[in-house]
Amino acid sequence: MIKRISTDKAPAAIGPYSQALDTGNMLFISGQIPINPATGTMPETVEEQAKQVLTNITNILDKAGLTMANVVKTSVFLADLNDFAVVNEVYASFFAEPYPARSCVQVAAIPKGAKVEIETIAVK
1 MIKRISTDKA PAAIGPYSQA LDTGNMLFIS GQIPINPATG TMPETVEEQA
51 KQVLTNITNI LDKAGLTMAN VVKTSVFLAD LNDFAVVNEV YASFFAEPYP
101 ARSCVQVAAI PKGAKVEIET IAVK
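Numbering-wise (this note's numbering), the sequence shown opens with residue 1 and increments by one.
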């Protein structure tokens, strides 16, 4: 049975999708953008945006009873691939070895004009 996971400690979905879906042994987290759920604002710098995105992901994982250690795959979307090093540094501070498998690509645009978006798959 698929269970929807939702928390007010991450931004609400801005379209017809769920924050996350729990399939029993896996959790699929929709792409998170750097909106602070308490204020509805987005930080300016890509470093702060990456921190907010990963904090949002951490909060969704927590709601599902998981941690960043359960994450096995991420997809990172950047508005500018020149931000890779900065985002990579922030990303590394949220994970420990063995790091999740990951892809990282530059995209034409991210919702709300964000500079970074990350989607996540975790296992129980």
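In this text, a Cβ means the ideal position worked out from N, Cα and C, and glycines have one as well.
Buried or exposed for residue i, going by 16 or more other Cβ atoms inside 10 Å?
i	result
V123	exposed
V105	exposed
L27	buried
T120	buried
V107	exposed
T58	buried
P98	exposed
A10	buried
A136	The structure shown does not extend to residue 136, since the chain is modelled only from 1 to 124, so the question has no answer here.
E117	buried
I2	exposed
A96	exposed
Can you look up residue i in the DSSP assignment and give me helix, strand or coil?
i	result
G24	coil
G31	strand
T7	coil
I118	strand
As a quick exercise: from the options, pick the residue whose alpha carbon is nearest that of residue i.
i	options	result
T7	A50, P37 and E119	P37
D22	V90, D62, A114 and A12	D62
A114	T55, T120, A79 and R102	A79
A13	I29, D83 and F94	I29
L54	I33, I2, T39 and T41	I33
Q52	G24, N70, V87 and I35	I35
A109	L81, G24 and E97	L81
I5	G40, A50 and N56	N56
V46	T67, G31, N25 and D83	D83
A101	Q49, G40, E44 and A69	A69
Contact the region 3-18 vs the region 72-90: 3+ CB pairs below 8 Å: no
Inside the region 34-116 only - beta strand (DSSP E) runs reaching at least 3 residues: 71-78 and 101-106
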